[in-house]
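With the first letter of the sequence shown counted as 1, position 235 gets the number 234 in numbering that gives the first Met the number 0; the numbers rise by one all the way through.
As structure tokens, the structure follows; a few thoughts come after it.
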Amino acid sequence: MNKLIVHSQNTVLNSEEYFKIDEQFVFNVDSDILDVDFYIHDQIINKELGRKINQCDIIFIKVGLTQNFMEYYGIRLACHIRMTQSLGEKNYIPIVLISQESCQFLGLTGDLSEILFTEGVYLMEDNPKDLNKYIKLFNENKLKSSTKIDDFLSKIRIKPCIEYDSHHSIANEWSLLGWAQILQIDQFDQTFISIKQNTEGLLYYKYLALKHPILFKTSSANINFKGGGKILYIDDEWNKGWNIIFKHIFKDKSSYQFKTFEYNFTDKEFSAGEPFIKSEIETFDPDIVILDLRLFKKDFEKDRTPENLSGFKILEYIKKINLGIQIIIFTASNKVWNFQKLQSAGADYFIIKNSPENIISAETTLDSIEKFTENIKKASEKSFIKNIVVICKKISQFLYKTDTSDNLEYELLVKNLVGQLKVCLSALTLINIERNVTIDIAFLSFYNFFELFKEYYLKYEDYKYKIGFEEIIMLEYKLKGNKLSKGGTYIKEHSSFDAQLSFFLTALFFDYFKIDELKTISAITLCNARNAYFHGSKKNFSIEELELITQIICEASSKLRE
0 MNKLIVHSQN
10 TVLNSEEYFK
20 IDEQFVFNVD
30 SDILDVDFYI
40 HDQIINKELG
50 RKINQCDIIF
60 IKVGLTQNFM
70 EYYGIRLACH
80 IRMTQSLGEK
90 NYIPIVLISQ
100 ESCQFLGLTG
110 DLSEILFTEG
120 VYLMEDNPKD
130 LNKYIKLFNE
140 NKLKSSTKID
150 DFLSKIRIKP
160 CIEYDSHHSI
170 ANEWSLLGWA
180 QILQIDQFDQ
190 TFISIKQNTE
200 GLLYYKYLAL
210 KHPILFKTSS
220 ANINFKGGGK
230 ILYIDDEWNK
240 GWNIIFKHIF
250 KDKSSYQFKT
260 FEYNFTDKEF
270 SAGEPFIKSE
280 IETFDPDIVI
290 LDLRLFKKDF
300 EKDRTPENLS
310 GFKILEYIKK
320 INLGIQIIIF
330 TASNKVWNFQ
340 KLQSAGADYF
350 IIKNSPENII
360 SAETTLDSIE
370 KFTENIKKAS
380 EKSFIKNIVV
390 ICKKISQFLY
400 KTDTSDNLEY
410 ELLVKNLVGQ
420 LKVCLSALTL
430 INIERNVTID
440 IAFLSFYNFF
450 ELFKEYYLKY
460 EDYKYKIGFE
470 EIIMLEYKLK
480 GNKLSKGGTY
490 IKEHSSFDAQ
500 LSFFLTALFF
510 DYFKIDELKT
520 ISAITLCNAR
530 NAYFHGSKKN
540 FSIEELELIT
550 QIICEASSKL
560 RE
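So, in structure tokens, the structure goes:
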């Protein structure tokens, strides 16, 4: 029989009479709870303790391994042995804990005492008599090993260490490690080597890895995606490894310009960091923003509502600047009410960091990475909305500057145009690239500008069509190739027929607004496209047609007159 005892020079059994020198391991660590996990893991994986465990058939562990007996580091070590997968079959060997306290006392006073009630774990008093008893039981094959890790896991509950009480920190390091492994950068970058060493050594992470082994299997993510644009990343954990992750994802994507907001969020108030964030957004002018919800220390206070989170406030600010800027919320929270509030505020996409809170869901780390790249692609495809919103702001400025004094009908036109512009902006927020009808709705919302123009400007008197306050006679134009051919006065052929919108727009744009020929022809083309859509010969409008109609309306708004 090969046996091993772990102690801290605090047992009568450390005599060579009972255990030879090479059958002993002296536990020597400070009482810092974080250090002890790292120390144990390092000794098992890289140093003497692991070598000795691999050579033994049974291990005896003193429950108290420091001057503070109540820390029960011996029990913690036993849990490490059971859950360190690199030990292979040796993590199933019988473990005999040595203590003068009863099982009941340890159960009442120790956080990890559930291990005492698992298969293959025993408790003896610190004396030679009990030692001989357990050696005899082992030699008679009456001591069981642990056989099923699932049974073991079902009977114990490991809590995060003190340092990791924040779910944000847990989620961050958990998710970072998973992303780095799948992207295959954890073995080459020192940041992730350190994260891996610090996290995989923690008992809590070993527990989670065994409870949810699928998340630790090596997979390969597809990060080949098209598109382009300027991306701004805002996260208090940017320098913990996420900046490296995202730079790796975008390193071969020359069409994307990726930038991290590099700011020290530690112990800062939102009021201190807010001006810097706003300045960065305005200066960089991003098409896409990757945004964390909790950026400052107050965000981690209990029962903090979504509206009071700093990320939520930044989201609202961005959407006020331009509702077309695509926002990807990158968070550890999976609370439904958070999503609802964020969607109402204008969030476009959500990526949940895989964490102990949401690990039981079907979404794995691989899914998260591929969903992230898919969302970047979709956000890039929708970046045209940002440009259209810029044009809409110009239209709004032109309408605001329009002098409507002493003309109530003209004032009503401008009010109707302002109202229609709000409808258009609302339609833009509902655009879904995968549903072409949403682009159709946006196009037709802008097309109503043409209808409002016709309602106000076109008058019919004395068998002639007249345009505007100046009552310019409407001429008939024909499109020949890429040129407009001017004819005579437009004649109403039948009393029941009104002037076609395309004829009216040609005269309005070319003769009344003095808009150039190419843009006027573009307006005619858009009218024909709209007619084809309603007659069923055109299935959908294109993004290019949506962009074009906003440009034409902007030009018309700049020339607006009575």
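Yeah, the Cβ is synthetic: ideal placement off N, Cα and C, and Gly gets one too.
With respect to D110, K158 sits close: the two C-beta atoms are nearer than 8 Å.
The way I'd put it, the segment 88–106 does touch the segment 134–148; three or more beta-carbon pairs between them come closer than 8 Å.
Judged by DSSP in its simplified three-state form, M123 adopts strand.
The C-alpha of Y255 is placed about 7 Å away from the C-alpha of F249. A Cβ-Cβ contact shorter than 8 Å links F540 with I438.
The straight-line gap separating the alpha-carbon atoms of T117 and F37 is approximately 24 Å. At least 8 Å separates the beta-carbon of N221 from that of E433.
By the neighbour-count criterion, in which a residue is buried when 16 or more other Cβ atoms sit within 10 angstroms of its Cβ, M473 is buried. Approximately 7 Å separates the beta-carbon atoms of R156 and E113; this is inside 8 Å, confirming the contact. Residue burial annotation: P305 is buried, with at least 16 other C-beta atoms found within 10 angstroms of its C-beta. Uninterrupted alpha helix (DSSP H) stretches at least 4 residues long and entirely within the segment 500–537 occur at 500–506, 516–533, given in chain order. Across the structure, E22 and Q42 are spaced so that their CA atoms are roughly 15 Å apart.
One thing to note: G106 has its Cβ no nearer than 8 Å to the Cβ of V5. Taking the Cα positions, G272 is about 27 Å away from H247. Proximity to D402 across F448, S557, S253 peaks at S557, based on C-alpha coordinates.
If you ignore the 5 residues before and after I276, its C-beta comes within less than 7 Å of the C-beta of I233, F260, I313, all in its own chain and listed in chain order. Boundaries of the alpha helix (DSSP H) harbouring G106: 102–108, taken from the DSSP string. The alpha carbon of S219 has as its nearest neighbour, out of I328, W237, Q180, the alpha carbon of Q180.
The C-alpha of L202 lies about 8 Å from the C-alpha of M82. Proximity to F257 across E544, I551, I289 peaks at I289, based on C-alpha coordinates. For K2, the uninterrupted beta strand (DSSP E) segment begins and ends at 2–6. Taking the Cβ atoms as the reference, L507 lies roughly 6 Å from I466, within the contact range of under 8 Å. In this chain, the beta strand (DSSP E) harbouring K479 covers 474–479. Looking at the DSSP output, I375 bridges to nothing. A direct Cα-Cα distance of roughly 13 Å separates Q183 from T364. Nearest Cα to A331 within the set L175, I192, N45, L398: L175. For F59, the three-state secondary structure derived from DSSP is strand.
With fewer than 16 other beta carbons inside 10 angstroms of its own, Y399 counts as exposed. Per DSSP, the continuous alpha helix (DSSP H) segment holding F151 begins and ends at 148–154. The segment 440–460 makes contact with the segment 544–555; the number of CB pairs closer than 8 Å reaches 3 or more. Inclusion of E124 and Q99 in the CB contact set at 8 Å is warranted, their separation being smaller than that value.
Under DSSP, K463 shares a beta bridge with E460. When secondary structure is reduced to three states using DSSP, S484 falls in the strand class. The three-state secondary structure of F264, taken from DSSP, is coil. When rounded, the separation of the alpha-carbon atoms in I350 and E315 is 18 Å.
With fewer than 16 other beta carbons inside 10 angstroms of its own, V11 counts as exposed.
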